[in-house]
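Last residue of the sequence shown: 1466 (this note's numbering), numbering continuous.
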Amino acid sequence: MEISEIEPDTGRGEIKSSTKENPNLVGSSRVRAIQRCHCSPHDHHLKCLILYRNLPARCSCGHWFLLVDGQRYEEEREKKWNKIKDEPENAELLKRFNILEKELNILLADEKSMTPKTPGAAEMMDNMALKWKEMKEVLAKGFTKLDIDSGDLNVPVESKLSWLQKDLIMEISEIEPDTGRGEIKSSTKENPNLVGSSRVRAIQRCHCSPHDHHLKCLILYRNLPARCSCGHWFLLVDGQRYEEEREKKWNKIKDEPENAELLKRFDILEKELNILLADGKSMTPKTPGAAEMMDNMALKWKEMKEVYANIRKNMLLD
């Protein structure tokens, strides 16, 4: 908690120029996410866009964004790092990070047998805090260099959606059920609530009481369990592991009557939609029957998204 207040901020400032073919990448384990856009670097005005995975979106200011899964996002960052890691400044960062990591591992090994009352425990904690602070500063500098929000990776993007699909996506964004968590379930340090993110640091809100609207925010670091003052435990993991854990849970419960019915209905709707999409490929807004086709597809999309949202809710880990 102490170093969370002094760690350098790795968030983005001004977003760099981009195009539809070379957008700013946004990594997330979700298929839909909200992205903030700093339309002006000179004030605190923010605009928010709803992004859908692999569908490029443009802010009114001209910035382009593309939502990708956490694995691809990390792969792109890794590619960029491999290009710049041998530069003098970055090589020095790596060297210092490795030294600090070894020193911290030694301290952590010594700390395992300690309690708060053990002689020297306070000094040990102070020393660890200093090491953590410096290590996080080094990490923050390194990840700032890996910022791929700018359009410098030449990532090819092709939108294969018809105008019908694009219109429907915008329409259903207003009616898709919210899959966010309500009351957080009980947890321990050994069995925490998992939080999935492509970032190594994230802010997690905790519903400390289900009976009011009070929220507390914790700063989480990847693979480091953290405890809210109310007793809830959280662990930040990458998007790939988070989805793997959800998949494990789903495999255990997918044959339950409610979930089996959801899967069956989802498959039926998917087939019906594919037929409608195939019929609508050659249509334009002026084609006879296009309006009726849109209405029919909108109803199918709405139901399909509701079924999907219920499946995702049942897959929640916490």
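Here a beta-carbon is modelled for each residue, glycine too, at the ideal position from N, C-alpha and C.
Remember, predicted model here, so these are calculated numbers, not experimental data.
Buried versus exposed call for residue i [16 or more other C-beta atoms within 10 Å across all chains shown]
| i | result |
| --- | --- |
| C1209 | exposed |
| P1267 | exposed |
| C1378 | exposed |
| D1234 | exposed |
| N1371 | exposed |
| A1277 | exposed |
Inter-residue Cα distance where the pair is residue i and residue j
| i | j | result |
| --- | --- | --- |
| P1433 | A1439 | 7 Å |
| W1280 | L1252 | 8 Å |
| V1286 | L1248 | 10 Å |
| K1467 | N1339 | Examination of residue 1467 is not possible in this model, given that the chain is present from 1149 through 1466 alone. |
| D1403 | E1418 | 20 Å |
| C1207 | G1175 | 17 Å |
| I1232 | R1460 | 39 Å |
| E1223 | L1173 | 12 Å |
| V1305 | N1202 | The pLDDT assigned to V1305 is 44, lower than 50, so where the model puts this residue is not dependable; a value taken from the coordinates is nonetheless given after this. If I take the Cα positions, the gap works out to 8 Å. |
| G1218 | A1239 | 26 Å |
| A1257 | D1274 | 16 Å |
| R1225 | S1345 | 14 Å |
| W1381 | R1349 | 16 Å |
| Y1200 | E1282 | 37 Å |
| L1384 | N1422 | 37 Å |
| L1425 | A1205 | 22 Å |
| R1353 | P1171 | 29 Å |
Backbone secondary structure at residue i - three-state DSSP
| i | result |
| --- | --- |
| V1174 | strand |
| V1455 | helix |
| V1348 | coil |
| L1252 | helix |
| L1197 | strand |
| K1333 | coil |
| L1278 | helix |
| K1364 | strand |
| L1447 | helix |
| V1179 | coil |
| L1464 | coil |
| E1306 | The pLDDT assigned to E1306 is 47, lower than 50, so where the model puts this residue is not dependable; a value taken from the coordinates is nonetheless given after this. In this structure, E1306 counts as coil in the three-state DSSP scheme. |
| H1192 | Annotation note: pLDDT 42 at H1192 (below 50); position unreliable, no value reported. |
| T1167 | coil |
| G1299 | For G1299, the predicted structure reports a pLDDT of 42, less than 50, and the residue's modelled location is therefore unreliable. A value from the coordinates is still provided. DSSP places G1299 in coil when its eight states are reduced to three. |
Sheet register partners of residue i (DSSP bridge)
| i | result |
| --- | --- |
| N1341 | F1382 |
| A1374 | F1382 |
Give, in chain order, every unbroken run of the beta strand (DSSP E) that is at least 3 residues long and sits entirely within the segment 1381-1429.
1381-1385
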